[in-house]
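Each position in the sequence shown, counted from 1, maps to that position plus 6 in our numbering. Using N, Cα and C, we set each Cβ at its ideal position, and we do this for glycine too. If you're wondering where the values come from, they're calculated on a predicted model, not measured in any experiment.
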Amino acid sequence: MKFVVCGCSWSSRDPSFPATEHGHFIAEHFGWEYHNIARVGCDNFGIRLQIDYAIDVLKADVILVNWTTACRVVWNHKGKKYSPTLGLKQLDYNVDKFFDNDRCHPAKDDPDFDPTIIAQSITGLVTFGNLMSTYEEANEEWPELHWHMNKEQFYAFRQYYLNLYDDDLEAHKQYFLMESAVNKMQRHNVKFLFAPNTFNYMQSVQASNNEEWDHEKHERNVFDELYNDWSFVPRENLLYPGIAFALQWDNERLGGDSADQPDHDNCHHLSSWAQEKWATEVAIPRFKVLL
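Set out below in structure tokens:
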């Protein structure tokens, strides 16, 4: 069985610390051939491209997808023509010095590999905790920013974010994108688990208002049934909780913010212990039922 993991950083395989992510533990348990094509900082369109690649190129038998927050954006950062037929081969995995095309992109050796678009979190792209930070300050927070967006583009995008961006509108558009992913997996008879994961976290609201996290304000499914029901996903394929939930286990075990702990230096945000616990207690039992 060929098993493919799709998603953002929460699902990714850290090239410096491999075999510490949940996909590894799931594949090891079942004895599956394992491919992890998740990307740090990926948006939901990029994850949708991953699913296409998993089915069309890798010929996946089993897919696990953890979706990400709606407040992420993808743009053409090379100024070249984007070709829909190339799909994931055009998504740049050069995020930072810890995660790059050479070590992480599944299509890096394909003759059609041509990174043209890149994805990033809006809150990590234009705010950094300060909505009025300069381009130079933003480059200090994300040193690779200048590779992907020049000064004029940065300020133009921030104006769009402040004056036109609507998190709920973007989420609704992505809802249909996610529905198309389920449709494709079903049409190709792929066994899959679909975890909304962090999709309902309204990080852009939190950042733009500079507020403390408030469950009733900043988690979408509290007030919108559409994102609580996921009616297009068969119940046997809908997976709760997503991998991001495991951060609570790390915080409880390590005390305080686990990001400050020595064994938390992974691009997937979690200790290997928390990743394995989620694989063992959440994902593997559901795969056993599904299969």
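Bridge partners of His41 according to DSSP: Val10. Scanning His35, Gly47, Phe36 for the CA closest to the CA of Ser17 turns up Gly47. The closest CA to that of Ala252, considering only Leu232, Asn234, Thr286, Phe238, is found on Thr286.
Taking a cut-off of 8 Å on C-beta distances, the region 151-161 does not touch the region 21-37, as fewer than three cross pairs fall below it. Of the residues Asn100, Thr122, Ile53, the one whose Cα lies closest to the Cα of Gly85 is Thr122.
Under DSSP, Gln126 shares a beta bridge with Val79. Rounded to the nearest angstrom, the gap between the Cα atoms of Glu176 and Tyr40 is 32 Å. Residue Asn272 holds the alpha-carbon nearest to the alpha-carbon of Phe105 among Asn272, Leu260, Val11.
Boundaries around Phe163 are those of the alpha helix (DSSP H), 157-169, since no beta strand (DSSP E) includes it. Excluding the 5 residues flanking it on each side, Gln96 has same chain C-beta neighbours closer than 7 Å at Tyr88, Ser89, Asp120, Pro121, Thr122, Ile123, in chain order. Just measuring C-alpha positions, the residue of Leu92, Ala125, Val288, Ser139 sitting nearest Pro117 is Leu92. Leu199 has Leu70 as its beta-bridge partners, per DSSP. In this structure, the alpha-carbon of Asn203 lies about 31 Å from that of Glu143. In the DSSP assignment, Val295 falls within the alpha helix (DSSP H) that extends over 290-296. The shortest C-alpha to C-alpha distance from Cys77 to any of Lys65, His30, Gln180, Lys283 is the one to Gln180. By the neighbour-count criterion, in which 16 or more other beta carbons inside 10 Å mark a residue as buried, Thr129 falls on the buried side. The alpha carbon of Leu94 has as its nearest neighbour, out of Trp73, Ala66, Arg54, Lys197, the alpha carbon of Arg54.
Check the Cα spacing between Ser15 and each of Gln281, Val295, Leu296, Val288: the tightest is with Gln281.
Per DSSP, Lys84 lies in no alpha helix (DSSP H) segment and is marked neither H nor E. For His178, the closest alpha carbon among the candidates Tyr246, Leu137, Ile43, Phe51 is that of Phe51. Sequence-distant partners of Val188 (beyond 5 residues in either direction) whose C-beta falls short of 7 Å from its own C-beta, in its chain, are Phe200, Phe238, Val239.
Pairing Phe198 with Gly29, the inter-Cα distance amounts to about 13 Å.
As a beta-bridge residue in DSSP terms, Asp102 pairs with Phe105.
Pairing Val196 with Ile69 gives a Cβ-Cβ distance under 8 Å. DSSP links Leu131 through a beta bridge to no other residue. Ranked by Cα distance from Glu147, the first of Val101, Arg259, Lys114, Pro112 is Val101.
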